[in-house]
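Below is one structure, written out as C-alpha cells, with a few remarks after it.
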Amino acid sequence: MWEIFRCTFGIFIGMLWIIIWKQIPETWLCDYGQTVDKSHKQEKIPRGLVILVMVILFVFSFLIPCGKIDYCFLFVLKMSFVWILLQIAVTDFYYQIIPDQWVIANIIISFLQFVVNNEVKMIGSVLLSVFLLTLFLWVFAFFLSFLFKQEVLGFGDIKLFFSLGLYFGFSGVLWILTWSMIFCGVGCTILLLFKVYQKDSTCAYAPYIVTASYILLLYHPI
Numbered sequence: 001m002w003e004i005f006r007c008t009f010g011i012f013i014g015m016l017w018i019i020i021w022k023q024i025p026e027t028w029l030c031d032y033g034q035t036v037d038k039s040h041k042q043e044k045i046p047r048g049l050v051i052l053v054m055v056i057l058f059v060f061s062f063l064i065p066c067g068k069i070d071y072c073f074l075f076v077l078k079m080s081f082v083w084i085l086l087q088i089a090v091t092d093f094y095y096q097i098i099p100d101q102w103v104i105a106n107i108i109i110s111f112l113q114f115v116v117n118n119e120v121k122m123i124g125s126v127l128l129s130v131f132l133l134t135l136f137l138w139v140f141a142f143f144l145s146f147l148f149k150q151e152v153l154g155f156g157d158i159k160l161f162f163s164l165g166l167y168f169g170f171s172g173v174l175w176i177l178t179w180s181m182i183f184c185g186v187g188c189t190i191l192l193l194f195k196v197y198q199k200d201s202t203c204a205y206a207p208y209i210v211t212a213s214y215i216l217l218l219y220h221p222i
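1 is the number of the first residue of the sequence shown in this note's numbering; add one for each residue after it.
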C-alpha cells in the first residue's frame, strides 16, 4: 500500500509540475519592473522537459529515504522540496531568474520540517549560521563582480543558498556550494565545447545548485 502511494504521488506531482509551470505569472520570470521578451504561457513545453520532469519526480518518489508509512507527512515535505527545486532549476535555465516565491516556499518547508522533527530550538542557531554564510557569499559575489566587471553570482542564487541552508544546515549547504561550483565548471565547459554556450553567454547556476542538492537529499535521512 505504501509503495502504491509513493508511486501514485510521484506521478501526480509530476503532472502538477507541468500544469503549474504553464500557469506561472509572467512577473515571476523577470526582475521587478521588467517584462519577459515573449509570453511564457503561449510557449509549448518541450517534450524532453516533460519527460525529464516526470522521470525525476517519479524516481525520487522511490529513492527518498522513507521506509515507514508513519513518515508520510515528512515524505510529502521532501517531495514538495524536490518539486520546488525543479521549478527553480528550469526557470533559471530558461529565464535566468530565481523567483522569490519559490525561495519563500522552500523556507516554509524548512520551518515545517523543524516543527515535525521537534527541532524548533535549533532554528535560532541555524538561522544565524546560514545568515553569516549568505552574507559572506554576498560580499564575495560583490567582490567578484567588481573584479570581473560582470555579475558572477546573482542575488537570486544567494537567496537560494539561504533557503537550502535552513533545510540542510550549515555543513550541508557548504557541501552543496562546493559541489555545485565543480558541477558548474564541468557543465559550462562541456556546453562551450559543444557550442551550446558562447563565450559571452550567461550561465544559469541554479541547475547545478539543484543537482548538488538532489544528491545530498538522497543521503539526508528523514
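Cβ atoms here follow ideal geometry from the backbone N, Cα and C, with glycine treated the same way.
Since the model is a prediction, treat every value here as computed from it, not as a measurement.
Three or more beta-carbon pairs drawn from the stretch 79 to 86 and the stretch 13 to 20 are found closer than 8 Å, and the two stretches are therefore classed as touching. Its chain contains Phe183 as the residues whose beta carbon lies nearer than 6 Å to that of Thr211, once the 5 sequence neighbours on both sides are disregarded; these appear in chain order. In the DSSP assignment, Val120 falls outside any alpha helix (DSSP H) and carries neither an H nor an E. Take Ile158, set aside five residues on each side of it, and the residues of its chain with a beta-carbon closer than 6 Å to its own are Thr134, Leu137, Trp138, in chain order. Counting only unbroken stretches of 3 or more residues, no beta strand (DSSP E) element lies wholly within the stretch 170 to 194.
By the CB criterion at 9 Å, Leu127 and Trp175 fall outside the cutoff. Uninterrupted beta strand (DSSP E) stretches at least 3 residues long and entirely within the stretch 35 to 96 do not occur.
In the DSSP assignment, Trp28 falls outside any alpha helix (DSSP H) and carries neither an H nor an E. Ile98 and Phe162 have their C-alpha atoms some 13 Å from each other. With contacts defined as CB atoms closer than 9 Å, Gly156 and Val103 qualify as a contacting pair. For Ser110, the number of other beta carbons within 10 angstroms of its own is at least 16, and it is reported as buried. Nearest Cα to Ile18 within the set Val55, Ile4, Tyr32: Val55. Within 10 angstroms of the beta-carbon of Ser171 lie fewer than 16 other beta-carbons, which makes it exposed.
When DSSP states are grouped into helix, strand and coil, Pro207 belongs to the helix group. Inter-residue distance for Gln101 and Leu193 is about 35 Å (C-alpha atoms, whole angstroms). Pairing Glu26 with Lys41 gives a Cβ-Cβ distance under 9 Å. Taking Ala89 as reference, the option from Val53, Leu74, Glu3, Leu132 with the minimal CA-CA separation is Val53. Linking Ala204 to Gly169 through their CA atoms gives a straight-line distance of about 24 Å. About 19 Å separates the beta carbons of Gln96 and Thr189, which is beyond the 8 Å limit, so they are not a contact pair.
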